[in-house]
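In order, the protein sequence lines correspond to chains W and H. Its first residue numbered 2, the first sequence is counted upward by one per residue in my numbering. Its first residue numbered 2, the second sequence is counted upward by one per residue in my numbering. Report on the following structure.
2 protein chains.
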Amino acid sequence: MKKIIVIGGSAAGPKTAAKARRLDEHAEIILLQKEKDLSMASCGYPYYVGGVFDNRNELISTPTGVVRDPKFFLNAKGIDARTETEVVSIDRNNHTVTCKHIQTGQIDTLGYDKLVICTGAKPVIPPVPGTDLNGITTLQSLKDADFLRKIRDEKKVKKAVVVGGGLIGIETCEALQLAGIDITIVELAPQLLTFLDSDMAKLVENHVRSKGANVLTSNGLSAFLGEDGQLTGVKLANGTELECELAVVSIGVRPNVDLAKEAGLEIGQTGGIVVDKHMQTSDPDIYAAGDCVESFNLITEQKVHAPMGDLANLQGRVAGENVIAGNVVTFDGVYQTGICKVFDFSAGSTGLSETVAKTLGYDTYETVINASPDKPGFMGANLLISKMLADKKTGRVLGLQCIGPGDVSKQIATAAMALKGKFTVEDLINLDMPYAPPFSLAIDHFIATGHLMQNKLKERLVGISPEKLYKKLSDNEKPFILDVRGPDEFEEMRLGIGETLIPLGVLRQRLDELPEDKNAEIICFCKISLRGYEASLILKAYGWTNVKVMEGGVVSWPYPRER
Amino acid sequence: MKKIIVIGGSAAGPKTAAKARRLDEHAEIILLQKEKDLSMASCGYPYYVGGVFDNRNELISTPTGVVRDPKFFLNAKGIDARTETEVVSIDRNNHTVTCKHIQTGQIDTLGYDKLVICTGAKPVIPPVPGTDLNGITTLQSLKDADFLRKIRDEKKVKKAVVVGGGLIGIETCEALQLAGIDITIVELAPQLLTFLDSDMAKLVENHVRSKGANVLTSNGLSAFLGEDGQLTGVKLANGTELECELAVVSIGVRPNVDLAKEAGLEIGQTGGIVVDKHMQTSDPDIYAAGDCVESFNLITEQKVHAPMGDLANLQGRVAGENVIAGNVVTFDGVYQTGICKVFDFSAGSTGLSETVAKTLGYDTYETVINASPDKPGFMGANLLISKMLADKKTGRVLGLQCIGPGDVSKQIATAAMALKGKFTVEDLINLDMPYAPPFSLAIDHFIATGHLMQNKLKERLVGISPEKLYKKLSDNEKPFILDVRGPDEFEEMRLGIGETLIPLGVLRQRLDELPEDKNAEIICFCKISLRGYEASLILKAYGWTNVKVMEGGVVSWPYPRER
């Protein structure tokens, strides 16, 4: 009878144990969990805090409402799950782990044939004074969620600071803002959600601000301030002090590898446990899965730390099969796909962002921004904004970001499939997608993004991003800026960056209003820059040689407008 | 200067003309449209009829509200669009078309270098008596939509029959039902929505009935009945007479190829114009696109008629480029992806259904049914039911159907990408999809479907569909049927097909209640058959040899239940 020990009872651990059990009814499977609860839906914490649902048990129950406690694991899964049981050491030579029951102090030494480490990640705490004050928390554990939910329900806290504007920071901001708490997000980087490029992140930031939250970027924390052990504010790197009674720290997590390190297992440069495709560590009898391991990015071919609940489950499934059946299945790597609800928006990404591409020294990529609705206007359209990266030489799709009101997950899922299939831009042009007016435009937003990228790669569309145009203007360059929308649209909303209005419908008759110099730089746009693109083609046909389109149009302009 | 003539102004035609213009500012481009309107969003008609929106102009306007009339085409697109202009003949030798203005009767003969035929499809009318009665319509033209919308607004019609339960039939049913009209759908086939397999269609039918619509399948029309020229009812093939004041015929469309046929162009076996990958007909100077052509199914490698608005646009884009630039781009084929809103449900499909696979004589396919939520219960889950087909030998994914409350389009889009990429089931196992609780489960429904298929292909999961179990019981076979849900669940809802309840959590202790004969056929299930699967593994581990899982569980059982 095979003896399997799994350390960690959150996501990867229970999945590993369950998969192992399905493949071997007679193996001895012990799950050791330091915390009180098992199999917590930790990604759901912000929604419990925010009041999307009120029954805390839903976070630790099966879909039919059975709490996933040790009794459930024993009866339904045949798994000996021991909670509040901390593993204190791994003895690789003797194939044992020593664990201690947190309440009783009882020490046990358990033998294993195969060991799986699923110790997760732990939140990074900034190295500043005051971290021991009351009123500072993370949102990492169910205990944290209980603490924040209580604050929401008590309605006493008026001001809070969220330190870190990543996924968890944004989700926490939304949850607390919905509870009527005045929120400031403090982010060290120049932007929120660093998985997005700065232009996309700026649009998200505008939405967060429009919901009443305050956002301070390029600003770190220098101290937590307090009186009588209670948090009263935070001090920022630039000296600003913000009053607050609550601070939620969400500046990231790092792999929890203390046990693995002490046991002498190989740790990678990302700080995660090194595993091969079988989720096997440097010790052939020890596997690891979830937030404690490092993963392989299939686009950049670099090691990365990708602490995501979905990957933890998939990796656990692989580890669970391999500890029973030998190394028969693999987990090949990740595209670092992510998504986040941001009030009425969602924001997602898969594959390479331009920022990462630049950092890694890629120099043959092309980007394009597409703004177009998710469905027809008469069905209640949401305007989505996507940014795609592709390789100029091969045409291979390298990444997609998408933001906008509603649900961008279909766009990101579709792009993730394109990455997995190593699709080129040409592969996207005639996709046969599910079309009906309640679900998409006749040409789906994703296909339209592909069309735009094709037009760029074929050099029919010469684009300039709003960000680059903004920089050009800041550098005192004076391109001729042509808005080709209708007069009504211009009255209602305009950039006010020195643009000239000539509606597309009269452009052919009013070419004499364009610069005489046929080599002058002309930048066309409209609301979403489809008409802007058509205008650029007309101008080129009439001899202007340096005509660009501001990609994404007015709706993708993240800077202040004249109106 | 190149002369391009495009016949047809609905979807493919305007797209062709617009793309041609973008590539050649100086070409002469004439668009000839028989109807009064141009570029109608015809897929939106049912939603206008149903009152999802009230402004009819939204069907013929740009997103910024400009009506796409000849003036718009001329000014914004540089296209000479002539409405109410019917082409009466094509003279291929002289490269001319002769057209007639419907109001004035004026005849013009226009020369072309390249001609593009986008004459669409026309509705099939059943060859029965009474089709000339007032009160019978299709929902094919804007005129039809106006007629039905008026009926909705006037609230005089009490009873209507929808003849044909395909996409348009279901959408029309929903629109009229929402208007308070008592609806009966009459369908000649044994099921609604024939792009779905019968088991999936039956679940959709149950939902349609639950909304109050009456559904008669396996029943054709034998006559329209009337008095004084006015429809009063329909008579069915089985003799039943149904009273009604309105009948909407939606039994399908066939390619409108009269002009092409008269011009001697090759017509395929599907009835559509034969085109190659460049959308070029048998005459190198004539192209065709949209509902009038036949397409190539990339899975079955057979010619099919695929009259869909999205394909019309994509094909038009290809035709538009090729008439200007030579045969530089291709439209390779279709997966016959489709989706349909059905009251609170949606239903979609891509690739092969089991029905089509059987018809074509495929014999190496495997199917699996997956019932699982689209997101966590605490986020307000919708239960999706998918049926996947894969090739047993190669593992290649051949098709996916998905139905359920809410929006199944992400599932279908993801599957369409898998088909396009020629993915095998193994390619689905570790997909890196966008996960966060508002958008999906940690293991997305699509990945879970892949996991189930993998378990079937590896022969860990031996499945039986509800349909096959039902047939088995109808044939008086007596398998041992094991429901492993909890007692509460059993009290609330049960099949009542002779099943024994032994909850999964006590199964290992109650194995003595299973058949003594270790070769007896045992069929396990639960709500969605995840616990049913685990039960089957336990029984097999304890020596039972003939253990199956009823796929999809209680929620996928489309037949009447005991409670």
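Cβ atoms here follow ideal geometry from the backbone N, Cα and C, with glycine treated the same way.
query                                                                                                                                                                                : result
When the Cα of K159/H is compared with those of S62/H, Y363/H and E246/H, which residue comes out closest?                                                                           : E246/H
Using the rule of at least 16 other Cβ atoms within 10 Å of the residue's Cβ for burial, across every protein chain shown, is P377/W buried or exposed?                              : buried
Restricting to Cα atoms, I'd like to know which of L540/H, P439/H and L315/H is closest to I448/W.                                                                                   : L315/H
Can you list the alpha helix (DSSP H) stretches of 4 or more residues lying completely in the stretch 470–530 of chain H, in chain order?                                            : 488–493 and 505–508
Taking only runs of the beta strand (DSSP E) that begin and end inside the stretch 8–56 of chain H, which ones reach a length of at least 3 residues, in chain order?                : 29–33
What's the gap between the Cα of D333/W and the Cα of K278/W?                                                                                                                        : 5 Å
Are the stretch 404–422 of chain W and the stretch 12–30 of chain H in contact at 8 Å, needing three or more beta carbon pairs?                                                      : no
Any C-beta of chain H sitting closer than 7 Å to the C-beta of E460/W?                                                                                                               : no
How far does the beta strand (DSSP E) with P441/W in it extend, from its first residue to its last?                                                                                  : According to the sequence provided, residue 441/W is Ser. The question's Pro does not apply to it. Element bounds for S441/W: n/a, residue is neither H nor E.
Assuming D200/H and E563/H form a contact by the criterion Cβ under 8 Å, report the distance between their Cβ atoms to the nearest whole angstrom.                                   : Not really, about 20 Å apart at Cβ, beyond 8 Å.
Out of V294/H, N135/H, P256/H and P308/H, which one is the CA nearest neighbour of A248/H?                                                                                           : N135/H
Is the beta carbon of V548/W sitting closer than 7 Å to the one on S530/W?                                                                                                           : no
Using a 10 Å radius around the Cβ and a threshold of 16 neighbouring Cβ atoms, would you call D154/W buried or exposed?                                                              : exposed
Please report the straight-line C-alpha distance between G499/H and L432/W, rounded to a whole angstrom.                                                                             : 47 Å
Using a C-beta cutoff of 7 Å, does T501/W count as contacting chain H?                                                                                                               : no
For I448/W, does the three-state DSSP call read helix, strand or coil?                                                                                                               : helix
Since N135/W sits in a beta bridge, which residues does DSSP pair it with?                                                                                                           : Q231/W
For V88/H and L204/W, I'd like the C-alpha separation in whole angstroms.                                                                                                            : 49 Å
Please list the partners that K342/W has in chain H, where partner means a Cβ-to-Cβ separation under 9 Å.                                                                            : A437, P438, P439 and F440
Whose CA, out of Q303/W, E493/W and R69/W, lies closest to the CA of V556/W?                                                                                                         : E493/W
In or out: D198/W buried (at least 16 other Cβ within 10 Å) or exposed?                                                                                                              : buried
May I have the straight-line CA-CA distance separating G106/H from A382/W, to the nearest angstrom?                                                                                  : 41 Å
Taking 7 Å as the cut-off, decide whether the C-beta atoms of F440/H and I91/W are in contact.                                                                                       : no
What residues in its chain sit with their C-beta under 7 Å from that of E490/H, if we drop five residues either side in the sequence?                                                : K528
Only counting the same chain, and skipping five residues up and downstream in sequence, which positions put a Cβ closer than 7 Å to that of G464/H?                                  : V369, K457, K549, V550 and E552
According to DSSP, what are the bridge partners of I186/H?                                                                                                                           : V163/H and V216/H
Under the three-state reduction of DSSP, which class applies to G464/W: helix, strand or coil?                                                                                       : strand
Considering only C-alpha positions, which residue in the set A536/W, E517/W, S475/W and V294/W is nearest to I503/W?                                                                 : A536/W
Measure the C-alpha to C-alpha separation of T365/H and R397/W and round it to an integer number of angstroms.                                                                       : 33 Å
In this structure, how does DSSP classify M2/W when only helix, strand and coil are distinguished?                                                                                   : coil
Which residues share a DSSP beta bridge with R397/W?                                                                                                                                 : T425/W
Pick out the complete alpha helix (DSSP H) segments inside the stretch 338–411 of chain H, 4 residues or longer, and give them in chain order.                                       : 355–360
Could you name the residues of the same chain whose beta carbon sits closer than 7 Å to that of F346/W, not counting the 5 residues immediately before and after it, in chain order? : V205, H208, I404, G405 and P406
Mapping DSSP to helix, strand and coil, what is M1/H?                                                                                                                                : Residue coverage of chain H in this structure runs from 2 to 564, which leaves residue 1/H outside it and unanswerable.
Could you run through the stretch 469–488 of chain W and flag, in chain order, every residue whose CB is less than 9 Å away from some CB of chain C?                                 : In the displayed structure, chain C is absent; the protein chains listed are W and H.
Does chain W have any CB closer than 7 Å to the CB of T338/H?                                                                                                                        : yes
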